[in-house]
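Here the sequence shown is numbered in the working numbering, starting from 734 and rising by one per residue.
Where a beta carbon is used, it is the ideal one built from N, C-alpha and C, also for glycine.
The structure presented is a predicted model; accordingly, all values stated were derived computationally and were not measured.
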Amino acid sequence: MKKKIIAFAIALILFISLYYANKIMVASYPYVREIKENSLTDNVKDYKTTQSEHFIVRYTMPDEKYVSLALEIAEKHYDSVTKDLDYKPPGKTVIIMYHDPEKMNTDFSLAKGDTAMGLYLNGVISIVSPELWISPTEDLEKVFEHDGPIVHEFAHLVVDDIARGNYPVWFTEGIALLEEYRENGFVWGEGVTGDKPYSLKELTYNFNQLDETLAYKRSFEIVKAISDKYGMQSIRDILKYLGRGLSLSESFYKVTGQDLEKFIDSVK
Ligand SMILES: [Zn+2]
């Protein structure tokens, strides 16, 4: 009899902890993230600092001439991105401008050999100096704003804040690309086509193994299709449910009454 009671108690505790695991995860997320955020900014504690109303840029001397442009671009898009996603970060957002991409990759734990002109991690945005990826023959101001990473990475930060870390990578990439599209008219992977569009399962469990351009393109198209059919409000509502610990499929169903997998299969 005693054994049965113990077994029952263990089963009950397991059930409760599984049920609450996501809720505990989202509740503790901001605190865990803050610790990680401090260790990211610690890596650049000797960098210079300039700030505007909503952003702080950390940089080294060779990039001093690009700091005001970076702040200008960030501030220019701040209102519409925060309105689009209906959320304003409580403090100023830190953007670290690296003149040494290898240091950026190490600080932001990007896998060796990978390259990125911008990254988002644990509440902090990093960007590679525009000088290192925009050729001197191009109009740096235009290219930095239109093709640069600031809007994209800032959208990742807002998504992470609202959803409290509870989202699949493809979904935040889709939202970041949607914001780039809404802000700068930038269409990811325009004209690129694959054999068969990626399914929800492939995107959710295999994102990093998929063809990068096609995976990003598919993520963008799905999120755009959601906003086209159900409006931007549906994206905002889904993010809020994620922040309460619901899964993406549950959140999507709550907001639209539809099955996410079926919806994605219908997006061609
Ligand atoms: Zn991204």
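- At least one heavy atom of ligand 1 lies closer than 7 Å to the C-beta of Glu906.
- Cβ-Cβ distances below 6 Å link Leu852 to Phe841, Ser859 in the same chain, with the five nearest sequence neighbours on each side left out; the list follows chain order.
- Note: Arg897 is not bridge-paired with any residue in the DSSP secondary-structure output.
- Judged by beta-carbon spacing, Thr826 lies beyond the 8 Å limit of His885, meaning their Cβ atoms are not closer than that value.
- Check the Cα spacing between Gly907 and each of Ile883, Glu835, Ala958: the tightest is with Ala958.
- For the segment 864 to 938, not one full-length beta strand (DSSP E) segment reaches 3 residues or more.
- Within the DSSP secondary-structure output, Gln784 pairs in a beta bridge with Ile789.
- Note that the segment 738 to 758 does not touch the segment 819 to 835; fewer than 3 beta-carbon pairs, one per stretch, sit closer than 8 Å.
- Rounded to the nearest angstrom, the gap between the Cα atoms of Pro863 and Leu979 is 39 Å.
- Taken through DSSP and simplified to helix, strand or coil, Thr826 comes out as strand.
- By the criterion of a C-beta distance shorter than 6 Å, His810 is surrounded in its chain by Val884, Glu916, once the five residues flanking it on both sides are discounted.
- Residue pairing by DSSP places Leu854 opposite Val857 in a beta bridge.
- For Tyr831, the beta-bridge partners assigned by DSSP are Val861.
- For the pair Val925 and Leu911, the CB atoms are not nearer than the 8 Å cut-off.
- In this structure, Lys769 lies near Asn855, with their beta-carbon atoms less than 8 Å apart.
- When only Cα atoms are considered, Val891 and Ala760 end up about 17 Å apart.
- Ser967 places its beta carbon less than 8 Å from that of Ser960.
- Shown here, Tyr820 sits in coil according to DSSP, grouped into three states, outside any helix or strand.
- In this chain, the alpha helix (DSSP H) harbouring Met758 covers 735 to 775.
- In the structure shown, the three-state DSSP call for Gly846 is coil.
- When only Cα atoms are considered, Lys737 and Thr989 end up about 43 Å apart.
- The three-state reading of DSSP puts Phe841 in coil, since its state is none of H, G, I, E or B.
- Per the coordinates, the alpha-carbon of Phe940 lies some 21 Å from the alpha-carbon of Asn755.
- Note that the segment 831 to 851 does not touch the segment 870 to 879; fewer than 3 beta-carbon pairs, one per stretch, sit closer than 8 Å.
- Using a 10 angstroms sphere on the CB of Phe887, the tally of other CB atoms reaches 16 or more, which defines it as buried.
- Ala909 has its Cβ nearer than 7 Å to a heavy atom of ligand 1.
- Beta-carbon to beta-carbon, Val790 and Ala803 are separated by about 5 Å, close enough to satisfy the 8 Å threshold.
- If you check the CB distance, Val1000 and Ile955 come in under 8 Å.
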